[in-house]
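Just so we're aligned: 786 in my numbering is position 333 of the sequence shown, and the numbers increase by one with no gaps anywhere.
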Amino acid sequence: MVETLKARGPTGFIQFGPHYLTVDHGRIFRPDMSLVGLLHDDGLIQGAADPLGPWPGLKTIEELPGAQFKGIDSLGLQLHLPGPASGPTGGLLYNKKVSLNVIFGRIATQDHRRVGEMADDGTISVYDQRFPGVLRRLDENSQLSTTFQGIKSNGTPWQHEFTRSIHRTDKTYWENEVMRYFEDIERVNQAQRLYVFDTLRLYAMAGLLQVVRKQEGVAGLGNVKHGAAGVTGVRSGNVTLDRVEFENEVGWYKKFGAFMHIPITALRPYIESRLNLVVAHEYGHQLEFCLSQAVQEKITELHQRRLRTADRLHPPPASDFEDGAELLLPQHLEERIFISGYSRTSWHEYWAEAVGAFAVPVGRAELRKRDPEVYQIMCDVILRPEQVLRVNLQEAMLSLQASLRLGGEMPDNILEM
Ligand SMILES: [Zn+2]
């Protein structure tokens with residue numbers, strides 16, 4: 454029976470009373486090399502022969518008085534069983550969909566992979582899938598809905614529930630975050646709702662929308678013609694989008710998609726490439742303040758370099774023209790320097806337009822092709838936030854992402870979705 458199971462598990466030694474057993478990738482051997490059982494990373498043992506049973510099903514290593522395992526788990530990380538700390542035992546449902554086991558405080562998947570630890574007070578830490586062996590302690594911001602049923606380490610029955618605040622249980626994490634960020638979501642029509650969800654989805658799924666909202670503020674509609682929040686480089690906290698401009702933008706997005714090319718009537722035949730992603734753009738201004746100094750300087754430098762190239766290849770058509778956007782002759786559209794004409798106006802707008810473009814698949818593809826350096830920074834923002842965010846935001850972001858990955862909210866192919 455044991456022989457038929459695939460060998461995957463810890464490697465090391467079990468001391469159990471007078472017995473000294475070898476463990477090789479989960480298979481437990483007596484000194485005469487006869488197979489006597491199977492050990493999993495989470496400390497569950499299938500006993501098949503003396504001195505381990507045989508017993509039906511699985512036992513925890515804690516159930517074998519005095520038994521100890523020392524070695525490494527299937528990932529090669531140090532493993533001591535029982536662990537130094539104990540904790541509850543039972544079933545844990547994470548994010549309403551991921552069914553986990555808790556064994557004396559060790560949180561494991563159904564196939565026995567270790568994914569975290571739980572204490573008797575309900576505190577949860579999860580392993581960061583990107584940094585093997587690193588545990589991230591969750592708090593009310595990073596923890597997803599949790600239901601536990603079982604016993605505490607002292608044996609008393611225990612039921613525990615954690616629910617996120619202001620969270621609609623019929624919606625996913627990312628939908629909830631979009632609704633919290635965009636305050637007027639219930640006051641816009643269906644097309645506008647879809648637009649907001651569509652263009653904020655990536656940032657919400659990656660946890661970035663939440664971290665930036667907590668640091669900077671939310672977004673809503675108002676009457677701020679040509680103002681928006683993008684008073685360039687001035688920290689304004691919340692974003693206010695002009696209602697009429699927002700409505701126009703959604704209409705253009707529906708009709709033309711993320712990009713459109715508009716003729717400059719006063720300067721025929723010049724055209725300007727335009728992005729219809731105002732919500733993600735304004736969010737980009739908030740995100741700018743969450744970037745490290747080094748990354749902000751890098752963006753400034755990238756903008757200046759592009760500006761020089763654009764000035765040389767696509768000089769403004771008239772000396773008294775002060776719009777600041779990159780204007781193009783139709784035949785130059787394909788070799789434009791900036792992702793959108795507006796990106797030329799300042800490094801703040803250059804960045805905000807990049808965040809806008811990156812929000813949707815077609816924009817990411819265009820950014821990757823036209824501006825691979827800023828595209829790379831955006832990839833880092835989503836996938837390697839510790840390299841680009843301000844130091845004070847990194848821990849919150851990494852804990853949240855570890856939690857989102859465990860909860861099935863942040864897939865590995867998030868940028869391909
Ligand atoms: Zn702006």
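Where is the CB? At the ideal position from N, CA and C, for every residue including glycine. Please read all numbers here as calculations on a predicted model, not as lab measurements.
Please classify residue i as buried or exposed, where buried requires at least 16 neighbouring CB atoms within 10 angstroms.
| i | result |
| --- | --- |
| Gln739 | buried |
| Thr762 | exposed |
| His734 | buried |
| Pro471 | exposed |
| Ser793 | buried |
| Ala812 | buried |
| His478 | exposed |
| Ala682 | The pLDDT assigned to Ala682 is 49, lower than 50, so where the model puts this residue is not dependable, and the model offers no usable value. |
| Arg480 | buried |
| Ile560 | buried |
| Ser885 | With the chain covering only 454 through 870, there is no way to say anything about residue 885. |
| Met486 | exposed |
| Leu851 | buried |
| Gly690 | exposed |
| Ile830 | buried |
| Asp581 | buried |
| Val665 | buried |
| Asp574 | exposed |
| Asp824 | buried |
| Ile498 | buried |
| Leu528 | exposed |
| Ala644 | exposed |
| Arg721 | exposed |
| Ser618 | exposed |
Between which two residues does the alpha helix (DSSP H) holding residue i run?
| i | result |
| --- | --- |
| Ser578 | Here Ser578 belongs to no alpha helix (DSSP H); instead the beta strand (DSSP E) covers 577-580. |
| Lys751 | 746-766 |
| Ile830 | 825-836 |
| His721 | Reading off the sequence shown, one finds Arg at residue 721, where the question assumed His. It is not in any alpha helix (DSSP H) - Arg721 carries neither H nor E in the DSSP assignment. |
| Leu846 | 844-859 |
| His737 | This sequence places Gly at residue 737; His is not what is there. Here the alpha helix (DSSP H) through Gly737 covers 731-741. |
| Val665 | 661-668 |
Taking Cβ to Cβ, would you say residue i is nearer than 8 angstroms to residue j?
| i | j | result |
| --- | --- | --- |
| Leu755 | Val827 | yes |
| Val732 | Leu653 | yes |
| Leu530 | Gly603 | no |
| Ile724 | Pro768 | no |
| Leu694 | Ala711 | no |
| Ile556 | Gly496 | yes |
| Thr798 | Gly777 | yes |
| Met632 | Met863 | no |
| Ala462 | Leu505 | The sequence as given places Gly at residue 462; Ala does not occur at that position. No; because the gap between Cβ atoms is not below 8 angstroms, this pair is not in contact. |
| Pro588 | Ser578 | Strictly speaking, residue 588 in this sequence is Leu, with Pro absent from that position. Their beta carbons are under 8 angstroms apart, which means Leu588 touches Ser578 by this criterion. |
| Glu636 | Ala672 | yes |
| Leu786 | His714 | yes |
| Leu859 | Ile835 | no |
| Gly660 | Gln854 | yes |
| Val692 | Gly670 | yes |
| Gly737 | Ala849 | no |
| Arg837 | Ile790 | no |
| Ala501 | Leu517 | no |
| Cys743 | Gln847 | no |
| Gly465 | Gly519 | no |
| Asp526 | Asp564 | no |
| Ile717 | Leu780 | yes |
Taking residue i as part of the beta strand (DSSP E), name the residues at either end of that continuous run.
| i | result |
| --- | --- |
| Leu532 | 531-534 |
| Phe405 | No statement about residue 405 is possible, as the shown extent of the chain runs from 454 to 870 and does not include it. |
| Tyr473 | 472-477 |
| Phe811 | Counting along the chain, Phe811 falls outside any beta strand (DSSP E), though it belongs to the alpha helix (DSSP H) covering 800-811. |
| Gln873 | As shown, the chain starts at 454 and ends at 870. That puts residue 873 outside it, with no answer to give. |
| Ala489 | The question names Ala, but residue 489 in the sequence shown is Val. Val489 -> beta strand (DSSP E) spans 488-492. |
| Ala888 | It is not possible to answer for residue 888, since the shown part of the chain is limited to 454 through 870. |
| Arg590 | 588-590 |
| Ala419 | Given a span of 454 to 870 for the chain in the structure shown, any question on residue 419 remains unanswerable. |
| Leu782 | Where Leu782 is concerned, there is no enclosing beta strand (DSSP E), given that its DSSP letter is neither H nor E. |
| Leu597 | Looking at the DSSP string, Leu597 is not in any beta strand (DSSP E), and its letter there is neither H nor E. |
| Leu674 | 672-675 |
What do you reckon, is the C-beta of residue i under 7 angstroms from a heavy atom of ligand 3?
| i | result |
| --- | --- |
| Ala807 | Ligand 3 is absent from the structure shown, which contains only ligand 1. |
(request) Assess, as a yes-or-no matter, whether the segment 812-821 is touched by the segment 549-569 under the definition of 3 or more beta carbon pairs within less than 8 angstroms. (result) No, because fewer than three Cβ pairs between the segment 549-569 and the segment 812-821 fall closer than 8 angstroms, the two stretches do not touch.
(request) Would you mind listing the alpha helix (DSSP H) stretches within the segment 495-574 that are 4+ residues and don't spill past its ends, in chain order? (result) Counting whole runs of 4 or more residues, the segment 495-574 contains no alpha helix (DSSP H) stretch at all.
(message) Pairs of beta-carbons, one from the segment 504-512 and one from the segment 528-543, closer than 8 angstroms: are there three or more?
(response) No, the segment 504-512 is not in contact with the segment 528-543.
(request) Run through the segment 688-714 for me and flag every whole beta strand (DSSP E) of 3 or more residues, listed as ranges in chain order. (result) Qualifying beta strand (DSSP E) stretches, in chain order: 692-695.
(request) Answer yes if the segment 626-636 comes into contact with the segment 561-576, meaning at least three C-beta pairs across the two stretches below 8 angstroms, and no otherwise. (result) No, the segment 561-576 does not touch the segment 626-636.
(request) Determine contact between the segment 589-600 and the segment 612-626, defined as no fewer than three beta-carbon pairs at a distance below 8 angstroms. (result) Touching, yes.
(message) To test your reading of the DSSP string, which unbroken alpha helix (DSSP H) runs of 4 or more residues are found completely within the segment 603-657?
(response) Those alpha helix (DSSP H) runs which fall completely within the segment 603-657 and span 4+ residues are 626-634.
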